[in-house]
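Scroll down for the structure; my scribbles are underneath it.
There are 4 protein chains.
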Amino acid sequence: MSVLIKGGRVVTAADTFLADVHVEGERISRVGTSLEADADIVVDATGKLVLPGAIDPHTHLDMPFGGTVTIDDFTSGQTAAVFGGTTCHIDFAIQSRGQTFNEALDVWHGKADGKGVIDYGFHIIVTDLEEGGSLEELATVPDRGVTSYKMLMAYKGVFLVDDETLFEVMRLAARTGALSMIHGENGDVIDVLVKQAVADGNLAPRYHALTRPPELEGEATNRAIQIAHVAGSPLYVVHVTCKDAVHPIAKARRAGWDVWGETCTQYFFVDVTDLDEPDFGGAKYVFSPPVRDKSNQPVLWDAVRTDALSVISTDHCAFLLDGQKTLGKDDFSKIPNGAPGLEERLKMIHHFGVNEGRITLNRMVELLSTNPARLFGLYPRKGTIAPGSDADIVIFDPARKTTLTAATMHGNQDYTLYEGTEVTGDVDTVLIRGTVVVDGGELKVEPGFGRFVKRARFGQHLV
Amino acid sequence: MSVLIKGGRVVTAADTFLADVHVEGERISRVGTSLEADADIVVDATGKLVLPGAIDPHTHLDMPFGGTVTIDDFTSGQTAAVFGGTTCHIDFAIQSRGQTFNEALDVWHGKADGKGVIDYGFHIIVTDLEEGGSLEELATVPDRGVTSYKMLMAYKGVFLVDDETLFEVMRLAARTGALSMIHGENGDVIDVLVKQAVADGNLAPRYHALTRPPELEGEATNRAIQIAHVAGSPLYVVHVTCKDAVHPIAKARRAGWDVWGETCTQYFFVDVTDLDEPDFGGAKYVFSPPVRDKSNQPVLWDAVRTDALSVISTDHCAFLLDGQKTLGKDDFSKIPNGAPGLEERLKMIHHFGVNEGRITLNRMVELLSTNPARLFGLYPRKGTIAPGSDADIVIFDPARKTTLTAATMHGNQDYTLYEGTEVTGDVDTVLIRGTVVVDGGELKVEPGFGRFVKRARFGQHLV
Amino acid sequence: MSVLIKGGRVVTAADTFLADVHVEGERISRVGTSLEADADIVVDATGKLVLPGAIDPHTHLDMPFGGTVTIDDFTSGQTAAVFGGTTCHIDFAIQSRGQTFNEALDVWHGKADGKGVIDYGFHIIVTDLEEGGSLEELATVPDRGVTSYKMLMAYKGVFLVDDETLFEVMRLAARTGALSMIHGENGDVIDVLVKQAVADGNLAPRYHALTRPPELEGEATNRAIQIAHVAGSPLYVVHVTCKDAVHPIAKARRAGWDVWGETCTQYFFVDVTDLDEPDFGGAKYVFSPPVRDKSNQPVLWDAVRTDALSVISTDHCAFLLDGQKTLGKDDFSKIPNGAPGLEERLKMIHHFGVNEGRITLNRMVELLSTNPARLFGLYPRKGTIAPGSDADIVIFDPARKTTLTAATMHGNQDYTLYEGTEVTGDVDTVLIRGTVVVDGGELKVEPGFGRFVKRARFGQHLV
Amino acid sequence: MSVLIKGGRVVTAADTFLADVHVEGERISRVGTSLEADADIVVDATGKLVLPGAIDPHTHLDMPFGGTVTIDDFTSGQTAAVFGGTTCHIDFAIQSRGQTFNEALDVWHGKADGKGVIDYGFHIIVTDLEEGGSLEELATVPDRGVTSYKMLMAYKGVFLVDDETLFEVMRLAARTGALSMIHGENGDVIDVLVKQAVADGNLAPRYHALTRPPELEGEATNRAIQIAHVAGSPLYVVHVTCKDAVHPIAKARRAGWDVWGETCTQYFFVDVTDLDEPDFGGAKYVFSPPVRDKSNQPVLWDAVRTDALSVISTDHCAFLLDGQKTLGKDDFSKIPNGAPGLEERLKMIHHFGVNEGRITLNRMVELLSTNPARLFGLYPRKGTIAPGSDADIVIFDPARKTTLTAATMHGNQDYTLYEGTEVTGDVDTVLIRGTVVVDGGELKVEPGFGRFVKRARFGQHLV
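Protein sequences, first through last, are from chains A, B, C and D. Heads up, the first sequence stops at 475 in this note's numbering, and the numbers go up one at a time, no gaps. Heads up, the second sequence stops at 475 in this note's numbering, and the numbers go up one at a time, no gaps. Heads up, the third sequence stops at 475 in this note's numbering, and the numbers go up one at a time, no gaps. Heads up, the fourth sequence stops at 475 in this note's numbering, and the numbers go up one at a time, no gaps.
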């Protein structure tokens, strides 16, 4: 099988040029002016952008949470993803307390096997080093291509690990070549605030944000950075929402420490006032860390522009407003935390980031594709358009207007955070490993096409 | 009883002027040029400085630690203090696990009653809200004139409290008008590092510093600041040693938060290389937080000059090198933590701070006397020279040279950190509440002269 | 002559205490509790504050500018001052091009002699080292008690000096013990912008601010700081208005450089939108540097709180709205630059600074009195309440409400920037050198009472 | 003509991948795995890096200075360049006072015509808007492909322009799409310091640095940034040497201003102590801004890593030590300012930057090639390896050791700043526009091969 993409404007993290792209089998074979190659399929990309497929390093498909399960499984979630130009994602395999890490990985492989329409990997979430897994066992996880250890400093009694565990796992990461990841919020203090709010009868969605103030995100982020530095481990801070957390990351990066930060699409667009949307509409915006004061949004744009933050992910974690979010109708603390975003990311960032002049097109590619690939052991297999790389390619029409609405999206979600937003720029055609997966608004592959990717260790190339 | 101090140069936190000071009973009655007042005692202070007595808000007298007890009790420690120009100190009443706060206060009052030669107060150290004290009881402690709650984020298994306790106590402080105080070091991580060092056979004194890196002080300091801000409590960070901790304090202060920091004399002068002093001499420098890299010393001087740090205390916590420090001869983790400093502080700071041009004389008074008084509810009763204030006065000869040596000091210590250091500036005469306590190199009062001071709540004047 | 002020609350830069103040002749003789002294005059200050007289280091009385002369001479201006609690000011003797410095001083002495009701000093403004004065002559100026050299980086063709002159004068200041002062705005660039605006027909008052953007104040301020540092001269930056200029001053101060900054009352309260006041009312707010965007106001409050800025002056430079400001009715560039403020300063800063919690009462005293005295060679003669100091004392009623209005003010001004503002806190009685100058709303002395003060050199005490 | 480069590792600013590169005529036609293309020339690059040719935006060939002329003309200088992997440079056409800009360009074209072996462009240096050129004429210069206006704030009486000119030219640049460039040092103050040093008999080379302190570079840099921001012009600061100048650039960039900075190879390696090299050897290190204290070197590495600085150039300006530098044997102020560097840059930065872990290989390509191309209107014609770009390619052996010595270099210089330095990594083969220019240590083209490049305006692509 071969494909020739003709006449488009290829965009990488550094370069922009007019070129044809020739694919043989699963990989890009040639990039050139006026390629005369024979090809089974020829795609006309004149006037279009030819982008490396977006990569989402932060999703939660088929995940149990708070007595329910996220509404998107590996088929529906990945279908949403690919229609949004995302060709690879990394989900979280969660160790339940009492479970070994390998058992957890097996469970998550079971959820994904035969279901996927895009490529995927896993991070492991460490919750328990006493009854379930051990450091010894955790040391073996990278051998299965799972080269990142995530820990949560929030969700006390569920996911929260103490600083001793945090440090021990980071020291292990330094040895095994894994990347440490943290969710940075001080769960101890949040727990007190939530109980107090509930006791005081403060039960509306807005109390979700009020009980998780930004100081506690800044604090935990800084704590993780300092501990990781003592441990000698590279650190990736997920879903940064506010200046309190941007500041310590930026400071560490200026000092040359191995620290990176990610924010998510939604934090650029929704803010704390949205929690007051009537008729329990505020529940749509309940996720953690919470939406923040609007003054944080320009800080986040500056941060992604200046590489204080290096990745924009989705933290896609979709619950139905009707039937799932409503579990917390009378008590914000019971609202399942999360929102969808896999299909919206590229379009939103292209429109409000690139079209509105906040970041360049190259920087968008770096934030959505190249940097996730580099940081998580996928590069150069994925994350760029270059000979030898997987032919994960998005043909993107920068001029086509489209309106975001849940009604026409491809996941199981019953709302989008951006309902009714008109953007300029839309996905035309998506290839994964040389196969056309989306074209003409239709999915062209069957579940099971997507493949698990064994990722390289931190700092190593995946060839 | 009345005293007239003639012809000296009075120095307050703001002013310097030639004046006589007249004392009636325990208080200053008049400050003036050429006072013609009758007085029982006339002291000639011509050519001398007339300073408000130094106040030390951080001492540990008669304190059990690591299987032994600090060598200075309330008599010997306070005697050292007053010969060093310190006329009031605040010691720490430590709640043992299982003990109520009132029991702890009773114990500490028992240690001090009838023993003191200078005035004193107590902070309460909170270690246990479950089996011993409760928040309700802690709320009553300020009624006894103990208006500061201290917590330690270090010494896991002994003093360390978790973030939930930290936050709960700070919220209480916000209600009761107490000042929250913290020892900021991440004890969880330190505990892992210490165990590792011991397991690896790294047992020399230098490992005391290596297992307590500055990142962990910076981290805990920032954590306490953020949590205190959420709790609405004023915060005082004790014994700051390094830029990692100065930075978050300075940042909070610039933002107008109610945060203050203290450093101690020793951190300006001794550094990590001193731990390698041969023949176990390094043990003299074992205290926590540990001595740091020398590059931190100019940072500390800048910090006290610019009010990033507002107090210089001693953390006087004396152990004999011979017989106590030696408990850790074969294992640094068993060396009792602490060093003497009560007698040395004023002379060292006057010489190396004022004489060498790093701070002004007024700023020295502010750091050693006025600020401790203001922050801990002693002002204006103590901390300045003004009508109505206690006549706690040091007549200081700025020109007399003296050499610091343990041999001639007045506490029970068998070493000083500054052995052999020659300084210019020495204490001549000390008055407390109008009584001459030190003069001509002799102590003029009996144990029991010193009095417990019921301190005002945070932000309030003690009249 | 002797005066006894009974029962007030004395406030200095550091201390607050209840005490009586006894004055003999021109100086304070005693401060004490329950002074029983005989006195010719007894003033009851119960419930009142007893403050050191405010000092204004930045005024322009009887100054020619733009074809007219400021409306307040040394009598009317000083009368306004003393009703506002200001007991000493330092005006600017301006060297005209071609004139020697001594000639300039003679001219200014001539303006003030026999006119004053408060004490005063002069700075010298250097405009010309080629045809008029020389460095040699300038070196002699401090001998006349004029110990500060001011230069302007703005007003091209009138006052502006180039960087060579700036540097030469600063080097001289380093030798003669004078303090260098600068007006920091880039006059070269402003000149281009003003000409362009006029050429484009942009003639309304608002263009005064638009042609003097804050970048140019920040730039010149930083330039002066760097040049002064190379020259080895202490530097005082007058009338700082914006974060662009606060930042380099704060940075230099943190580094321990001898740099200080001043802002003026008006910059806390009026902003760029006021220039659009109808009926040419905007002209009231035309002075340089110009009013700024409102976002600078909290920055200025933070700066005076944290000692990034150390003095609040008035830059009193009054022109009648009707008849003088109107010179620029058709062309903003012809509006005389300046506004009144001598009578308003203390009340405005007390109300909006102290009453509203932005600064403490002690800090207000430091900003308005003690720091100007210290920096300009007046301390401890002036700037505090202490034995031996001049009895320049303001008895201030912190509880009395008053409304600011030009109609009842004592200068020649026909407007105040704060018309109709109600404040709590007012001046009761003012003493200068032991003489009651204001009491019961009346001026009690004749012109000529005020005396020229020969100031000490930088860093030296005036006794 | 066609060329096929087989088996190398292609490195761009973002990507690194194994690929063949096929060139047809002057441009790159294809990049691919296992290209089977026919080609006239096949180059085996196995084990080698395939880099875009380095671009040097800062050179001075055939330039009169201080009574002599730089020793390298366009042939010798460009020969040195290409042996060092530089395939394009931008030199400065200097307007003499009284000369029009077009005359100046004609003069410089005359110097280069028929001489070059690599491609080149010109910046125009503005010195005079009164007698020679005018703003109107300067507006036409970009039409000749000269799209950057450089001004010097130093060299009083020779190049220095005042702030009015600076601002006027920057406003023009904002209109014409030119990039403003500045040499940032305060020439007014330097001039005083130099005269003073000479008058004081301080004549040795070390006084070159002592009379140009870093504060004056920081000052001028900040001044240019602020003025450019008011003017609305993009700004490029040449040869940044110290933290004083890095700081304002970094601050502006974080704020999103259009400001970029360049440093030069030498500032990473030589420092102020080198000026004391005996036997007048210090003269080798005399250039402006001067060498600095060594503490600036890590700051510069951090700056190029974090994009505070975006380009590393050479400021190649070669004078013979013997016969030219010696003009200043008895007076440092007469030493011609400048040093060679064209041949050394890539090797030094590769070895000490990449090999020693301070920057990545991709970042090196960005600093030496892609960023200069982007900023100066050469991209994507030059500055990357992509289809459609000029085939300006360096085949670089990252493993070959070589020793830098003037004896074997290709310019006319009689010394190198790095004499005897051993580096790992050397240039094998260089192509320019598809022609092999260097191979096997030999130059393969004749003078006249190099071509003038008409550059695009700022922000526009050159296709």
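Every residue, glycine too, gets a C-beta built ideally from N, C-alpha and C.
Which residues share a DSSP beta bridge with F134 (chain B)? Stepping through the second sequence from its first residue, residue 134 (chain B) is reached at position 122. Answer is B:D103.
Give the straight-line distance between the Cα atoms of Q111 (chain D) and Q238 (chain D), rounded to the nearest whole angstrom. Walking along the fourth sequence from the start, residue 111 (chain D) turns up at place 99. Walking along the fourth sequence from the start, residue 238 (chain D) turns up at place 226. Those two C-alpha atoms are separated by around 29 Å.
Just curious, the alpha helix (DSSP H) that P384 (chain A) is in, first and last residue? On the first sequence, position 372 is the one that residue 384 (chain A) refers to. From DSSP, the alpha helix (DSSP H) with P384 (chain A) extends over N383 to L387.
Distance between D68 (chain D) and T188 (chain D) (C-alpha atoms, nearest Å): By 1-based counting over the fourth sequence, the position of residue 188 (chain D) is 176. By 1-based counting over the fourth sequence, the position of residue 68 (chain D) is 56. Rounded to the nearest angstrom, the two C-alpha atoms are 24 Å apart.
Taking a cut of 9 Å between CB atoms, which residues from the segment 15-48 of chain B lie near chain C? V22, T24, A25, A26, D27, T28, F29, L30, A31, D32, H34, E36, R39, I40, S41, R42, V43, G44, T45, S46 and L47
Range of the contiguous beta strand (DSSP E) that encloses G44 (chain D): Along the fourth sequence, read from residue 1 onward, the residue named residue 44 (chain D) stands at position 32. Here the beta strand (DSSP E) through G44 (chain D) covers R39 to G44.
Just the chain A side, please: which residues come within less than 7 Å of P225 (chain B) by C-beta, in chain order? By one-based count along the second sequence, residue 225 (chain B) stands at place 213. Result: V242.
Considering just the uninterrupted stretch of the alpha helix (DSSP H) at P260 (chain B), what are its terminal residues? By one-based count along the second sequence, residue 260 (chain B) stands at place 248. Element bounds for P260 (chain B): K255 to R266.
Interface residues of chain D around Q238 (chain C) at Cβ under 7 Å? Locating residue 238 (chain C) in the third sequence gives position 226, where the first residue counts as 1. E227, L228, G230 and E231, listed in chain order.
Segments of 4+ residues assigned as alpha helix (DSSP H) that fall wholly inside the segment 321-406 of chain D: 357-360, 373-377 and 383-387
One question on the structure: do D131 (chain B) and D402 (chain B) come within less than 9 Å of each other, judged by their Cβ atoms? For the purposes of this step, residue 131 (chain B) is taken as the residue at position 119 of the second sequence. For the purposes of this step, residue 402 (chain B) is taken as the residue at position 390 of the second sequence. Yes; because the gap between Cβ atoms is below 9 Å, this pair is in contact.
So what's A158 (chain D) in DSSP terms, helix, strand or just coil? The count along the fourth sequence starts at 1 and reaches residue 158 (chain D) at position 146. It should be noted that the sequence gives Val, not Ala, for residue 158 (chain D). Three-state DSSP puts V158 (chain D) in coil, outside helix and strand.
Which residues of chain D have a Cβ atom closer than 7 Å to the Cβ of V204 (chain C), listed in chain order? For this step, residue 204 (chain C) is matched to residue 192 along the third sequence. Neighbours of V204 (chain C) on chain D, chain order: E176, F179 and E180.
Exposed or buried, V43 (chain B), counting other C-beta atoms within 10 Å across all chains shown (16 or more means buried)? Position 31 of the second sequence, counted from the first residue, corresponds to residue 43 (chain B). V43 (chain B) is buried by the Cβ-count criterion.
Is the beta carbon of L354 (chain D) less than 9 Å from the beta carbon of A92 (chain D)? Counting from 1 along the fourth sequence, the entry for residue 354 (chain D) is found at position 342. Counting from 1 along the fourth sequence, the entry for residue 92 (chain D) is found at position 80. Contact: yes.
Quick one: using the 10 Å Cβ neighbour count with 16 as the cut-off for buried, is T223 (chain C) buried or exposed? To locate residue 223 (chain C), count along the third sequence from 1; it is residue 211. Around the beta-carbon of T223 (chain C), 16 or more other beta-carbon atoms lie within 10 Å, marking it buried.
What distance in whole Å lies between the Cβ atoms of L16 (chain D) and D32 (chain D), which are believed to be in contact at a cut-off of 8 Å? As a working mapping, residue 32 (chain D) is identified with position 20 in the fourth sequence. As a working mapping, residue 16 (chain D) is identified with position 4 in the fourth sequence. Confirmed, Cβ separation roughly 6 Å.
Near-chain B residues of the segment 279-294 of chain C (beta-carbon distance less than 9 Å), N- to C-terminal order: Flagged: no residues at all.
Out of curiosity, what's the CA-to-CA distance linking T338 (chain C) and S345 (chain C)? Indexing the third sequence from 1 puts residue 338 (chain C) at position 326. Indexing the third sequence from 1 puts residue 345 (chain C) at position 333. In a straight line, the C-alpha of T338 (chain C) is about 11 Å away from that of S345 (chain C).
What is the rounded straight-line gap between the Cα of E8 (chain A) and the Cα of N308 (chain D)? Outside the shown range of chain A, which is 13 to 475, sits residue 8 (chain A), and nothing can be said about it.
So, under 8 Å CB-CB, V442 (chain D) and T414 (chain D) are touching, yes? Tell me the CB distance rounded to an integer number of Å. The residue given as residue 442 (chain D) occupies position 430 in the fourth sequence. The residue given as residue 414 (chain D) occupies position 402 in the fourth sequence. Rounded to the nearest angstrom, the Cβ distance from V442 (chain D) to T414 (chain D) is 15 Å, too far for a contact under 8 Å.
For the putative contact between E378 (chain D) and A66 (chain D), defined by C-beta atoms under 8 Å, what is the C-beta separation to the nearest angstrom? Locating residue 378 (chain D) in the fourth sequence gives position 366, where the first residue counts as 1. Locating residue 66 (chain D) in the fourth sequence gives position 54, where the first residue counts as 1. With 8 Å as the limit, E378 (chain D) and A66 (chain D) do not qualify as a contact, their Cβ atoms being about 11 Å apart.
Which of the three DSSP states is assigned to L191 (chain B) in this structure? Residue mapping note: residue 191 (chain B) aligns to position 179 of the second sequence, counting from 1. Secondary structure at L191 (chain B): strand, using DSSP grouped into helix, strand and coil.
So, is R109 (chain B) buried or exposed, given that buried needs 16 or more other C-beta atoms within 10 angstroms? By one-based count along the second sequence, residue 109 (chain B) stands at place 97. Counting Cβ neighbours within 10 Å, R109 (chain B) comes out exposed, since fewer than 16 surround it.
Inter-stretch contact (C-beta, 8 Å, three-pair minimum) for the segment 52-59 of chain C and the segment 49-66 of chain B: They do not touch, by the three-pair rule.
Check this for me: beta carbons of F77 (chain B) and P348 (chain B), under 9 Å apart or not? To locate residue 77 (chain B), count along the second sequence from 1; it is residue 65. To locate residue 348 (chain B), count along the second sequence from 1; it is residue 336. Result yes, Cβ atoms of F77 (chain B) and P348 (chain B) sit closer than 9 Å.
On the three-pair Cβ rule with 8 Å, is the segment 208-225 of chain C touching the segment 167-177 of chain C? Not touching, per the Cβ criterion.
Starting from G273 (chain B), trace the alpha helix (DSSP H) in both directions and tell me its first and last residue. Position 261 of the second sequence, counted from the first residue, corresponds to residue 273 (chain B). The continuous stretches of alpha helix (DSSP H) do not include G273 (chain B), which lies in the beta strand (DSSP E) extending over residues V271 to C276.
Under 9 Å, Cβ to Cβ, is there at least one residue of chain C near V201 (chain D)? Numbered from 1 along the fourth sequence, position 189 holds the residue referred to as residue 201 (chain D). Yes, V201 (chain D) lies at the interface with chain C (some Cβ there is under 9 Å from its Cβ).
Inter-residue CB distance, A243 (chain B) and G196 (chain B) (contact presumed, cutoff 8 Å): Taking the first residue of the second sequence as 1, we reach residue 243 (chain B) at position 231. Taking the first residue of the second sequence as 1, we reach residue 196 (chain B) at position 184. Taking 8 Å as the upper bound for CB-CB distance, A243 (chain B) and G196 (chain B) are not in contact here, some 15 Å apart.
Anything in chain C within Cβ reach of N234 (chain D), meaning under 9 Å, just list it in chain order. Within the fourth sequence, numbered from 1, the residue matching residue 234 (chain D) stands at position 222. Residues of chain C passing the Cβ test: G230, E231, N234, R235, Q238 and P260.
Does DSSP put L296 (chain A) in a helix, in a strand, or in coil? Indexing the first sequence from 1 puts residue 296 (chain A) at position 284. Per the sequence shown, residue 296 (chain A) should be read as Lys rather than Leu. Helix.
Does S146 (chain D) pass the burial test, meaning 16 or more other C-beta atoms within 10 Å, or should it be called exposed? Counting from 1 along the fourth sequence, the entry for residue 146 (chain D) is found at position 134. In this structure S146 (chain D) is exposed. Its beta-carbon is surrounded by fewer than 16 other beta-carbon atoms within 10 angstroms.
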